Each structure stands twice: as structure tokens, then as C-alpha cells.
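Residue numbers (this note's numbering), protein chains in the order written: chain A, 853 to 1258; chain B, 55 to 468.
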Amino acid sequence: MSASPAPAISGAPKLAKRAGEVAALVRELGFSAASVRMVRTRTVLAAAQADALPEVHRHTVRQLDATLTWSGRTTRLVTTNLQPEALAAQLQGTLQHLQQGPPELFAPANSSSWRAPPPGPFDALDRVDPALSPADPGVVRGLALALAKPTGATVSVKAVAQAEAVARTDGAQVAGHHTRIDLSMASPHLTLTRSSRRLAQLPVAGRLVDLYQGLAGVQAAPPVALGPAPERLLVHPEAASRLVTALVGLPMRTGRLAERLSVLADPWVAGGLGAQPFDARGQATRPVPLIEGGLQRRRHTARHHGDLRVALGGKRLARLVGESDRGLVVRGWRRVEVHPATGAMHLEGYGWRVVDGTRAAPVPRMVVSGRLPELFAKLVGVGADPWAFGGARAPTLVFEPVEVTA
Amino acid sequence: MFVSSRRDVLRGTGGLAAAVLVGCPKPEPVPVATVADLLTGVPLSEAFLSRVVRSLQAASVQDARVMVQHRTVQHAARDLTEPGFEQTHQVGVVVRVETAEGSFEVASSRVDDDALGALLGKLDIQLVPEVVEGTEAPPSPLRPVPRATGEGVLPAIGVVGVGMGLFVDAVRAATPQSARATWHAVSDDRLTVARDGSVQRSLDVGGRLVARGSFVGAAGLRTVRQVYGPGLFEGADPSTEVLEAAAAFVALANAQAEALSPAEQPVSVELNTRVAAEVLVAMGRPDGGSRVRFDGPPKPGATHLHLPPTDSLDGAPLTKGVRVASLAEPPRCLADGSVQLVVSEAQLLSDAGPRPLAAGTRLHLPAGPPVPSGPPLDPPHTLVVDVMNEPVVVSTTVRSVQIHRCTLEGAHVG
């Protein structure tokens, strides 16, 4: 079956052309099949501390990642040496190696035919990814300094612009591009991270400083006695995202979860950090249900692309707090330990006590133990406010009753 | 026939089959004589590098250096099911400068004069003008520096592949549960040009074979790991050396699997009903089916313990391992979900029969569900258990349980 050419290479046409040329060269040299992935990555990284000079790194890397097959034997070549003569020599050497090397070394060929990405994901990505240029180094450095000086935190801001194209010897071609920015503010007691597709989508520096100082204040508040009565736990979307990420990584049949919980691995989320219409071999990606109505469908692994997306409810955190007579808001986790096999957990968080629908007092330490699936069996509410600054887009989650200790 | 043909391959590659070596260039010793010698194989011209150094010296920077790197990584894996081979070439040029405003680094995977010039432009460093033809050229600021690191040669990947196959098959013949060999080799070729004009070239080459095999012995499943250097494949007859190494690996694994070394060997542990109840309560999940991970004290109070009915049991009476009758101290649940016991009365069960284990011996129970093994008690059965010095009343249907892959510490066998 011959694959039709991919319709969408407009995201990185020059790179797609280059990948196509390499795929043609591979075919000419005598390989029986190949998928050629060309990636161009431009990175700006700024690191700053209040009492030290800042560092700025700007890296531009072009890389070829080729899966090459000859006579049922497959190998992989990754190289940044893309000078035409050097590349041809490396490919010829690889072919010679496939032909003359011992059979013990080579994986069998992957004979799966190409699945063309449908137009939908491409359109979705194009809407959020107009032609983007890498972030300005001066802006990135300025942001790092603006965050580091007032907070005393160690700040790193990393902006990446990446274009990639995949060309296969069966004629398939896809290409796309995306940007990403990751921000981290860290001190011994508090780490704040934010990620998004574009710098403009992040909160402004002043808000981040206020938030960091506010959360540091919560952590420095005097200890509050908790228990023994079970609590209503309202988990902020940022903190809920960490729990959902840990939950979907657990093995199957770890327990029955609340019916209102559904989680997808979704590569089609508009503006999602993990949004990508095709994988490293040019194959179309698809949303994959991980948990449906409380039932685990499959374990989340690196094979699943995209963001974790939680089916939403109807209310935001503020309204859920307002409707709670008594409870605890978990704003963040200082420590999340979940055993990857058993789901046994130890969670150490901080947040506020809720009394009569308002945040009454900061709670610097609250500890939840048990098994994570059992916590999700107590899920009684799902918010409408998905977390927008990470790869897991969980909303506010409400658990009840939960035993919490200080 | 297969093995002998592979041995032939190894013997026939006395020159390490450099022809099939891809991406791991056999380095030639380069005498440190001139800058041109040091630039051999580097796609930068000496004249342009000289201009770059003069530009860095003219710029208002405190320190600066240019680095060119060619790093080759080979990764080959061979186990019973999935062979695999990958190689990576990373080529790049980096310019790093220190100024009064901070540290700045620019890098590119394109290595040529134009790319290096563009990197300087990103740092706002102006290139000094080229020497006009007919005028006297300034003296070159470049000066060679002797190598700081050694050099080496790696065996050809073809030789390594055949050797790994021989090794895994030989180990597999000793009936391990699994066998795997992984080859990882790195060749790192670096050129560094400092602002003072010093030019240094260094080459680091290294490779290692990591072998893993799982064997069943007296103490249960035992995984053995050994690391070999590239010399394994560089002798006059690599096949013989590989097979000798495999035989030694198997012998070592057998010796370790049969000899019960209390500090290292995983053992199975059987706890009687009372101790099982104490341990399950200490775990904080007294339903007997699973464990939890926590580092807080268990809650005092009435606790119910339940295990599955007898017909769903998959545990068999313990014949090898440790049987615990009583504890010297309450069980202690650690933060990683494991439990530490200090025994008072216990027996070590082996082919030689049961022997008493000294009081005070510590047992470390890993996270994982216990397997019920003994007959059920008539429910409800009430025990008084002292957990973390808190009296706990337990109504239980718990049986004795087995926990596998435990560790004995400080054991003294009577």
C-alpha cells in the first residue's frame, strides 16, 4: 500500500525539504526503508541569583535522527554533523555496518505502514503556533533577574523554539514547529515552576513575585493542629496535576476510582505543552483514554503523546471554597512520594484552613498518607479550572473524607 | 556451528575490523608540534581562529574561550529478545565569555568559520578586519599546548556485537532467569582555544560492557552484575576471553546464589499470626492486602485485620528462609514503605534443617503484598499488640504470612 504524501509540511517547509533530501539519499545508498527526522532547536537559557552574576546560554542545534533498515535489520543514527559529505559518509558507514555487522546487534525491521495525521490536529496546532521566533535573550535574562532579586530565589528561564520534519522512504512527509518556555524559582523551602508555549502566556513578573512571596509566607506560618476528624480536601489545580500525573503512571487494577474521574493523554490540546500531531517516526498521534468513568483503561507511558487532560466539572476553586463549611485547601505539595508499583503515598502539602466558605488561616504543613487510588476513590468534586502551566491539565479536585495530619 | 562461526568472526578481526566501525574514529596519535597539527580534522581554518582570538583580545571581556567538540557515543544491547544498536555523533562549537555583566555562552551544531563568526556576532563581539593582501600579517596569537588527557582505541562494534552474543548465550546456557549485556562507548574529541591564544586538543575514549544475569539459588532469585572494560575484546583471541569471562560470571553468580550471605542475600520470611498482625498494623494498612508508604506512627485503637480466604492462597509452606516467632522490638515502618524487624525468636530454614537465629537479628521487609501461608484462625480472634509502644487491640482473621525478597542484617546462625 503506498502512502499518500502528507498535506501539512507548512510548519517547517525548509526542514521538510532537507529531510526529504536525506530520505532520498538514504534510498539511493541502498537502504530498504528509513524514517528521517530533522530537528532544529534554538534554546535561550538564563539563570540568575540575587547575589551572583547571571548566566545566559544560546544554543542552536540541528540534528538528524534516522531509523534505518536494510534487509530486515534496523539501526538508529543520531547526528548533529550535517555537512553533506560528513552525513553521506556516516550513512554509508551505517549501511556497511548493517550489511557486515553481526546479526546479534540489530533489531528486526518495523513493518508498520504510515498513518497519515488527519487535518484536525494540524489545524489545531497551527492556530496556536503561528510562525514563531525564538525568545529574545535580553527579555529572558531580564525576566530571570526581575524574579531573582526580590525573592532571593535561584531562577532559571528556558525558552525553546523547535521545528521538526519527518520524511520516510515510503513518501510520507510531515513537519511542524512549536515553542516552549519553562520557568523555575527555587529556594530550599519552596519551588515554583511554570511552563507554557509562549512567554506572553506566563503571568507577568510582578504577579509571580507576589505569588512566590505569598506562598513562602504560608510555609513560614505557625504550625496548625489537624485531625483526628476527616477533612474535606480541596486541591488547587497545580497540586492536583501532580496527583493525576502520579495516578495515571500506576499499574492497572490498583483500585476502583471515583466515577467522575476521566483522564486522557491528549496530543491535540490547543496550546497544550505536549501538543504534537505526529511522533518521531511521522506517525499520527491520537488521544488515548487512560481513565474513563473511574475505570483504568491503560497505564500512562512514554508511548502516549500529549498532555494529560482531566474531564472538567462546572465550578472553579473559589466557588468550591465558598460552598465548603469546613475543609482544607492544598495550594501546593512540598513532597509527593508515590510508590510506582503499589500506589502507596506520602503527601506533604501546605495551604489554608477553610471555615464557613472562606480561607481562614494558613496551614504550613498537612500530611496525607495511604494509597493514591484510595484517595481518588474519595473524589467528590471536579473543578472547571484546568491547570494551564504544565503538561497535566487537572482542575481543582475535591476529596472527602480524608484523614490529614499536621 | 553457530558459535564456532562467530568465533571465526572474532578471530578474523584481529585488526579490530576497523572497516565496519561506524562513527567511532580510530584516533591517530598526533604529536604536539604545531597549531596546524592540533587542528587536524577540525573544520576551522587556522587563519580564522587566529582572527577570532585577536577579536576576543580586543573585546571588553574578562575571559573567553572557544571549544569545538566531536563526541561519538555507541550503545549496543543484547538480551534474549531484543538486540539493538544506536550511535550518536554530537558536533558543535561553543563560545563562552565572562564579562562584568555576567557569563554568556553561545553554541551551534554547525562547525565552520562562518558559524563561528555568527556566534561572535551574537555576543556583540566585532571580528577584527581580515589582513589585506600585500600588507604584513600580524603574528599569530595561537600557540599549541600539550595534550592534557590521554587517548585510546576502542574495539570495533562488530567485534563487540559478536562477543556480546557469545557472552549472553554462554550465560543463558547456565539457565538464568534472564541475561543481558550492554555495551556503551564514548569517544570525546575536544579542541579548546583560550583568549590568550593557547590551543589544546584532547581525546578521551572509553567503553564498558555491563553484564546482568538473574540466577535461582538457595536464597531465591539473585541478580548478578559485572562490568568489563574494552580489553575484553582486544586480546589475540577475543572469543576465548569472552567465553572465559562468561564462565567466570556464571561461577560467581552460582557461588553467590548458593552461599547465604545474610547481609546481602534476599530471603523469604514467614511471620506467625501474632507477628504478622503486628507488622500489618505497623504498615498502617491492616487489611492484609497491601502496604502503604508513610513515615508517621500508626494510629492506636481497635483495628481489624483480614486476609483472603484459604482457597485464594498461593503461598506454600516455607522450606527455605526465615521463620519469625516473636519480635524483640515493635516493627518499624520506614519512609519508603519497607518495614524493619528485630527478631527475638526466629529460625533459619535451609536444606540442612532449621537453625536458630540469634536474638537481635534485623530483618528488612521490602514494600510488597504479603502472601498468606498458614491456616486461618477462627474469627474473631483477639490479640493485644504493642505497636510503637502503643497498646492496640486487634480483632483478626490473619494467618501467618510470607514476605519474599527480604534482607537479613547482622545475623548470627546458631
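Just so you know, even glycine gets a beta-carbon here, dropped at the ideal spot from N, CA and C. Predicted model, so just to flag it, every value in this text is computed and none were measured.
Requested in this report: Please go through the same chain and pick out, in chain order, the residues whose beta-carbon is closer than 7 Å to the beta-carbon of residue 68 (chain B), but skip the five residues on each side of it.
Outcome: Translated into positions along the second sequence, residue 68 (chain B) becomes position 14. In this predicted model, residue 68 (chain B) has a pLDDT of only 32, less than 50, meaning its place in the structure is not dependable; the value taken from the coordinates is given anyway. Non-local C-beta neighbours of residue 68 (chain B) in its own chain, meaning closer than 7 Å and more than five positions away in sequence, are absent.
Report task. Using a cut-off of 8 Å between C-beta atoms, extract the partners of residue 908 (chain A) located in chain B. Result -> Residue numbering aside, residue 908 (chain A) sits at position 56 when the first sequence is read from its first letter. For residue 908 (chain A), the chain B residues whose C-beta falls within less than 8 Å of its own C-beta are 156, 157, 158 and 159, listed in chain order.
Query raised in the report: Who are the Cβ neighbours of residue 468 (chain B) in its own chain at under 8 Å, not counting the five residues just before and after it?
Result: Stepping through the second sequence from its first residue, residue 468 (chain B) is reached at position 414. With a pLDDT of only 40 at residue 468 (chain B), under 50, the local geometry of the prediction cannot be trusted, and the value read off the model is given with reservation. Correct list, in chain order: 409, 410, 411 and 412.
Query raised in the report: Taking only beta-carbon atoms, is residue 166 (chain B) less than 9 Å away from chain A?
Result: In the second sequence, counting from the first residue as 1, residue 166 (chain B) sits at position 112. Yes, contact with chain A.
Query raised in the report: Using a Cβ-Cβ distance under 9 Å, would residue 97 (chain B) count as near chain A?
Result: Along the second sequence, read from residue 1 onward, the residue named residue 97 (chain B) stands at position 43. It does: the Cβ of residue 97 (chain B) has a partner Cβ on chain A nearer than 9 Å.
Query raised in the report: Of all the residues that make up the region 122-150 of chain B, which are near chain A by a beta-carbon distance shorter than 8 Å?
Result: Within the region 122-150 of chain B, those residues whose Cβ lies closer than 8 Å to any Cβ of chain A are, in chain order, 124, 130, 132, 136, 137, 138, 139, 140, 141, 142, 143, 144, 145 and 146.
Query - Strand pairing of residue 380 (chain B), partner residues [DSSP] - result: Taking the first residue of the second sequence as 1, we reach residue 380 (chain B) at position 326. Beta-bridge analysis with DSSP links residue 380 (chain B) to B:399.
Query raised in the report: What does residue 374 (chain B) touch in chain D if you count any residue whose Cβ is under 9 Å from its own?
Result: Of the protein chains in the structure, A and B, none is chain D.
Query raised in the report: Is any beta-carbon of chain A found at less than 9 Å from that of residue 194 (chain B)?
Result: Here residue 194 (chain B) refers to the residue found at position 140 of the second sequence. Interface criterion not met: the Cβ of residue 194 (chain B) is under 9 Å from no Cβ in chain A.
Query raised in the report: Is the shortest distance between the beta-carbon of residue 296 (chain B) and the beta-carbons of chain A less than 9 Å?
Result: Stepping through the second sequence from its first residue, residue 296 (chain B) is reached at position 242. So, not an interface residue.
Query - Sequence-distant residues of its chain with Cβ nearer than 8 Å to residue 996 (chain A) (five each side left out) - result: Position 144 of the first sequence holds residue 996 (chain A). Excluding residues within five positions, the ones whose Cβ falls inside 8 Å are 898, 899, 900, 906, 1007, 1008 and 1009.
Query raised in the report: Who are the near neighbours of residue 891 (chain A) in its chain, counting only those whose CB is closer than 6 Å to its CB and skipping five residues on each side?
Result: Locating residue 891 (chain A) in the first sequence gives position 39, where the first residue counts as 1. Within the same chain, residue 891 (chain A) has close Cβ partners 915 and 1016.
Query raised in the report: How close, in whole Å, do the beta carbons of residue 1191 (chain A) and residue 1221 (chain A) come, if the pair is a contact with beta carbons under 8 Å?
Result: Indexing the first sequence from 1 puts residue 1191 (chain A) at position 339. Indexing the first sequence from 1 puts residue 1221 (chain A) at position 369. Not quite, the Cβ-Cβ distance comes to about 12 Å (not below 8 Å), so this is no contact.
Query raised in the report: At least one CB of chain B closer than 9 Å to the CB of residue 953 (chain A): is that the case?
Result: Numbered from 1 along the first sequence, position 101 holds the residue referred to as residue 953 (chain A). With 9 Å as the cut-off, residue 953 (chain A) counts as an interface residue toward chain B.
Report task. Flag residue 260 (chain B) as yes if its beta-carbon sits less than 9 Å from any beta-carbon of chain A, otherwise no. Result -> Taking the first residue of the second sequence as 1, we reach residue 260 (chain B) at position 206. Not closer than 9 Å to any Cβ of chain A, the Cβ of residue 260 (chain B) fails to qualify, so no.
Report task. Would you identify the three-state DSSP class for residue 1033 (chain A), choosing helix, strand or coil? Result -> For the purposes of this step, residue 1033 (chain A) is taken as the residue at position 181 of the first sequence. It is a strand residue.
Query - Best match in B:196, B:215, B:262 and B:173 for proximity to residue 88 (chain B) [C-alpha to C-alpha] - result: Counting from one through the second sequence, the residue named residue 88 (chain B) turns up at place 34. Of the listed residues, the one whose Cα sits closest to residue 88 (chain B) is B:196.
Query raised in the report: Anyone know if the C-beta pair for residue 240 (chain B) and residue 127 (chain B) falls short of 9 Å?
Result: The residue given as residue 240 (chain B) occupies position 186 in the second sequence. The residue given as residue 127 (chain B) occupies position 73 in the second sequence. Taking 9 Å as the cut-off, the Cβ atoms of residue 240 (chain B) and residue 127 (chain B) count as close.
Query raised in the report: Enumerated in chain order, which unbroken segments of the beta strand (DSSP E) with a length of 3 residues or greater are wholly contained in the region 1178-1216 of chain A?
Result: 1178-1190 and 1196-1207, all fully within the region 1178-1216 of chain A.
Report task. In the DSSP assignment, find the alpha helix (DSSP H) that holds residue 869 (chain A) and state where it starts and stops. Result -> Position 17 of the first sequence, counted from the start, is the residue given in the question as residue 869 (chain A). Taken as a continuous stretch (DSSP letters only), the alpha helix (DSSP H) holding residue 869 (chain A) covers 865-881.
Query raised in the report: Taking Cβ to Cβ, would you say residue 1203 (chain A) is nearer than 9 Å to residue 1181 (chain A)?
Result: Residue mapping note: residue 1203 (chain A) aligns to position 351 of the first sequence, counting from 1. Residue mapping note: residue 1181 (chain A) aligns to position 329 of the first sequence, counting from 1. Cβ atoms of residue 1203 (chain A) and residue 1181 (chain A): closer than 9 Å.
**Report entry** Beta-carbon proximity list for residue 1098 (chain A), same chain, < 7 Å, skipping 5 on both sides
**Finding:** One-based indexing of the first sequence puts residue 1098 (chain A) at position 246. Short of 7 Å from the beta carbon of residue 1098 (chain A), and not among the five residues preceding or following it, lie these beta carbons of its own chain, in chain order: 1188, 1190 and 1224.
Query raised in the report: Taking DSSP as the reference, what is the three-state secondary structure of residue 218 (chain B)?
Result: Within the second sequence, numbered from 1, the residue matching residue 218 (chain B) stands at position 164. DSSP places residue 218 (chain B) in helix when its eight states are reduced to three.
Query raised in the report: Quick one: is residue 58 (chain B) buried, meaning 16 or more other Cβ sit within 10 Å of its Cβ, or exposed?
Result: Counting from one through the second sequence, the residue named residue 58 (chain B) turns up at place 4. Legend: pLDDT at residue 58 (chain B) = 44, less than 50; position of this residue unreliable, no value from coordinates given.
Requested in this report: Count the CB pairs spanning the region 211-225 of chain B and the region 287-296 of chain B that are closer than 8 Å, and state whether there are at least three.
Outcome: The region 211-225 of chain B vs the region 287-296 of chain B: in contact.
**Report entry** Span separating the alpha-carbon of residue 1154 (chain A) from that of residue 1117 (chain A)
**Finding:** The residue given as residue 1154 (chain A) occupies position 302 in the first sequence. The residue given as residue 1117 (chain A) occupies position 265 in the first sequence. Computed Cα separation, rounded: 11 Å.
Query raised in the report: Apart from the five residues on each side of it in sequence, which residues of its chain come closer than 6 Å, Cβ to Cβ, to residue 1242 (chain A)?
Result: In the first sequence, the residue the question calls residue 1242 (chain A) occupies position 390. These residues qualify, in order along the chain: 1047 and 1093.
Requested in this report: Look at the alpha carbon of residue 804 (chain A) and the alpha carbon of residue 1240 (chain A), and state the distance between them as a whole number of angstroms.
Outcome: Examination of residue 804 (chain A) is not possible in this model, given that chain A is present from 853 through 1258 alone.
**Report entry** the region 165-176 of chain B in contact with the region 241-259 of chain B per 3-pair CB rule at 8 Å
**Finding:** The region 165-176 of chain B vs the region 241-259 of chain B: no contact.
Query raised in the report: Using a C-beta to C-beta distance shorter than 7 Å, which residues of chain B count as neighbours of residue 1078 (chain A)?
Result: Position 226 of the first sequence, counting from 1, holds the residue named residue 1078 (chain A). Annotation: residue 1078 (chain A) has no Cβ neighbours in chain B at a cutoff of 7 Å; minimum Cβ distance is about 12 Å.
Requested in this report: Can you say whether residue 1104 (chain A) is buried or exposed, counting buried as having 16 or more other CB atoms within 10 angstroms of its CB?
Outcome: Numbered from its first residue, the first sequence carries residue 1104 (chain A) at position 252. Residue 1104 (chain A) is classed as exposed because its beta carbon has fewer than 16 other beta carbons within 10 Å across all chains shown.
Query - Of the residues A:1226, A:1238, A:1208 and A:1185, the one placed nearest residue 1217 (chain A), counting alpha carbons only - result: Position 365 of the first sequence, counted from the first residue, corresponds to residue 1217 (chain A). Ranking A:1226, A:1238, A:1208 and A:1185 by Cα distance to residue 1217 (chain A) puts A:1185 first.
Query raised in the report: Would you call the region 1057-1072 of chain A and the region 1225-1235 of chain A touching, i.e. three or more CB-CB distances under 8 Å?
Result: No, because fewer than three Cβ pairs between the region 1057-1072 of chain A and the region 1225-1235 of chain A fall closer than 8 Å, the two stretches do not touch.
Report task. Go ahead and pull the three-state DSSP assignment for residue 1039 (chain A). Result -> In the first sequence, residue 1039 (chain A) corresponds to position 187, counting from 1. Under the three-state reduction of DSSP, residue 1039 (chain A) is assigned to coil, being neither helix nor strand.
Query raised in the report: Considering only C-alpha positions, which residue in the set B:184, B:164, B:286 and B:301 is nearest to residue 227 (chain B)?
Result: In the second sequence, residue 227 (chain B) corresponds to position 173, counting from 1. Measuring from the Cα of residue 227 (chain B), the nearest candidate turns out to be B:301.
Query raised in the report: Do we get a CB-CB distance below 9 Å when we pair residue 455 (chain B) with the residues of chain A?
Result: Position 401 of the second sequence holds residue 455 (chain B). For residue 455 (chain B), not one C-beta of chain A is nearer than 9 Å to its own C-beta.
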